[in-house]
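In the working numbering, each residue carries its 1-based index in the sequence shown increased by 214. Shown next, in structure tokens, is the structure this report addresses.
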Amino acid sequence: MRNKLVVGNWKMHGSRPANAELLAGILAARPYAAEVAVCVPFPYLGETAAALAASDIRWGAQDCSAHEQGAYTGEVSAAMLAEWGCRYAIVGHSERRAYHAEGDALVADKARAALANGLTPIVCVGETLAERDAGRTEEVVARQLAAAIDKLGERVAEIVVAYEPVWAIGTGRTATPAQAQQVHRLLRAQLRAASGLGDRVRILYGGSVKPDNAAELFGQPDIDGGLIGGASLKAADFVAICRAAG
Ligand code: 13P
Numbered sequence: 215m216r217n218k219l220v221v222g223n224w225k226m227h228g229s230r231p232a233n234a235e236l237l238a239g240i241l242a243a244r245p246y247a248a249e250v251a252v253c254v255p256f257p258y259l260g261e262t263a264a265a266l267a268a269s270d271i272r273w274g275a276q277d278c279s280a281h282e283q284g285a286y287t288g289e290v291s292a293a294m295l296a297e298w299g300c301r302y303a304i305v306g307h308s309e310r311r312a313y314h315a316e317g318d319a320l321v322a323d324k325a326r327a328a329l330a331n332g333l334t335p336i337v338c339v340g341e342t343l344a345e346r347d348a349g350r351t352e353e354v355v356a357r358q359l360a361a362a363i364d365k366l367g368e369r370v371a372e373i374v375v376a377y378e379p380v381w382a383i384g385t386g387r388t389a390t391p392a393q394a395q396q397v398h399r400l401l402r403a404q405l406r407a408a409s410g411l412g413d414r415v416r417i418l419y420g421g422s423v424k425p426d427n428a429a430e431l432f433g434q435p436d437i438d439g440g441l442i443g444g445a446s447l448k449a450a451d452f453v454a455i456c457r458a459a460g
């Protein structure tokens, strides 16, 4: 059985006082049946680690470098994230693919760097609206996941996958549970074909998950939790979504 996982992706939001309040709200509502984590902006990792260290809530980053170290101004290595106790690093989020021109090969290299340093990469895949309308959803997500499979080999069983249709991110337009499940089922089949342990991989859904739609999404057979953007910034909403996964 795959244990459900709910991850808050704060994106470029927060402030030290707001974060303290948000984390306190998440902590106060424990225990959760699902595994719960927050992926925070780099400067807040230290304080997040301090706030969560004595709990079972995990934390992580929203990106990591594909490189081990060196002259890569502005980048943060997976080893540095490990020093701050990160469990997760999101890689290949559609916002990084779109605004920083990250391609499938680079995303796979980042996933490999994360694994090499003891982190679990959350590898994001998802089609744009134009790709969906052109009937290319399956081809696009299969290509994105294949890049990680090719690079990681058997270790692909150690990643988390997040299916985030680009048209559903921050738009209030959620994929229906049936639409999401259809893609998750395909991703699951691809993981099974790649690894004898492919069944273990958790596949999260992301894109306008809210307290009122979370339970139905998480109830689908191949949806193992969520990657939550906007609704992860309000403790009451995030807690409700975490509970919906339990
Ligand atoms: P929203 O939940 O704000 O749509 O964002 C989803 C997302 O991109 C999480 O990584």
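All residues carry an ideal CB built from backbone N, CA and C; glycine is no exception. It should be emphasised that the depicted structure is a prediction, and the values quoted were computed from it without experimental measurement.
Throw me the rounded Cβ distance for the residue 383 and residue 439 pair, which I believe falls under 8 Å.
Wrong, their Cβ atoms sit about 17 Å apart, outside the cutoff.
Assess, as a yes-or-no matter, whether the region 367-387 is touched by the region 414-429 under the definition of 3 or more beta carbon pairs within less than 8 Å.
Three or more beta-carbon pairs drawn from the region 414-429 and the region 367-387 are found closer than 8 Å, and the two stretches are therefore classed as touching.
Runs of 4 residues minimum, wholly inside the region 420-453: which ones carry the alpha helix (DSSP H) assignment?
If only complete runs of 4 or more residues are kept, the region 420-453 shows the alpha helix (DSSP H) at 428-432, in order along the chain.
Label residue 283 either buried or exposed according to how many other C-beta atoms from any shown protein chain fall within 10 Å of its C-beta, with 16 as the threshold for buried.
Residue 283 is exposed by the Cβ-count criterion.
Exercise answer, beta-carbon shell around the ligand 13P heavy atoms below 6 Å
Chain-ordered list of matching residues: 223, 307, 378, 383, 384, 420, 421, 422, 423, 441, 442, 443, 444, 445.
Give the range of the alpha helix (DSSP H) segment to which residue 353 is assigned.
Boundaries of the alpha helix (DSSP H) around residue 353: 351-366.
Let me know if residue 435 comes out buried or exposed under the rule of 16 or more other beta-carbons within 10 Å of its beta-carbon.
Exposed.
Cα separation between residue 455 and residue 315?
Residue 315 has its alpha-carbon roughly 31 Å from the corresponding atom of residue 455.
Flag this pair as yes or no: are the beta carbons of residue 233 and residue 262 separated by less than 9 Å?
The answer is yes: Cβ separation under 9 Å.
To the nearest angstrom, how far is the alpha carbon of residue 307 from that of residue 298?
Each residue's Cα considered, the two are about 21 Å apart.
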